[in-house]
Amino acid sequence: MKDKYFMVFCTCPDEVVAGSIARTLVAERLAACVNRVTGLRSTYAWDGAIHDDAEVLLLAKTTGRQLANLSARIEALHPYDVPEVVAVEIGGGSERYLAWVGQSVTQPE
């Protein structure tokens with residue numbers, strides 16, 4: 020069965036947290052690659068107030084078989100009460116790159 024591939028979005032409060040989560044996801048083979056995008060601002064409602072904060076966006080590439088494990092690991096590591104973990108299926112792309120993603124991510128037993 021051919022695995023599905025996903026791009027997982029996660030915002031972090033700063034580069035230190037983002038870097039720590041990114042390194043952990045790759046080291047534990049939950050993600051093949053995690054990009055960190057700085058200079059992001061997020062506007063959102065929380066606890067009855069509108070917030071506008073600087074954040075760092077993580078873009079993690081993983082497989083469908085590891086998606087739940089990756090999501091759980093982010094939630095365990097993240098300082099937010101409700102971290103953003105949004106997965107979008109990758110509908111296409113470089114076959115060589117996607118094969119590398121699959122090889123780089125360990126399948127759960």
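Position one of the sequence shown corresponds to residue 20 (the numbering used here), numbered consecutively onward. Where is the CB? At the ideal position from N, CA and C, for every residue including glycine. Since we're looking at a predicted model, the values are computed, not measured.
Sixteen is the threshold: since fewer than 16 other Cβ atoms of the shown chains lie within 10 Å of the Cβ of Glu114, the residue is exposed.
With contact defined as three or more Cβ pairs closer than 8 Å, the segment 29-37 and the segment 69-84 are in contact. With a contact defined as Cβ atoms closer than 8 Å, Ala50 and Leu86 miss out at about 10 Å. As computed with DSSP, Leu49 is found in no beta bridge at all. The beta carbons of Ala41 and Val53 sit about 4 Å from each other, so the pair counts as a contact at 8 Å. Restricting attention to beta strand (DSSP E) runs no shorter than 3 residues, the segment 65-96 encloses them at 68-82, ordered along the chain.
Less than 9 Å divides the Cβ of Val107 from the Cβ of Phe25.
The three-state secondary structure of Gly111, taken from DSSP, is coil.
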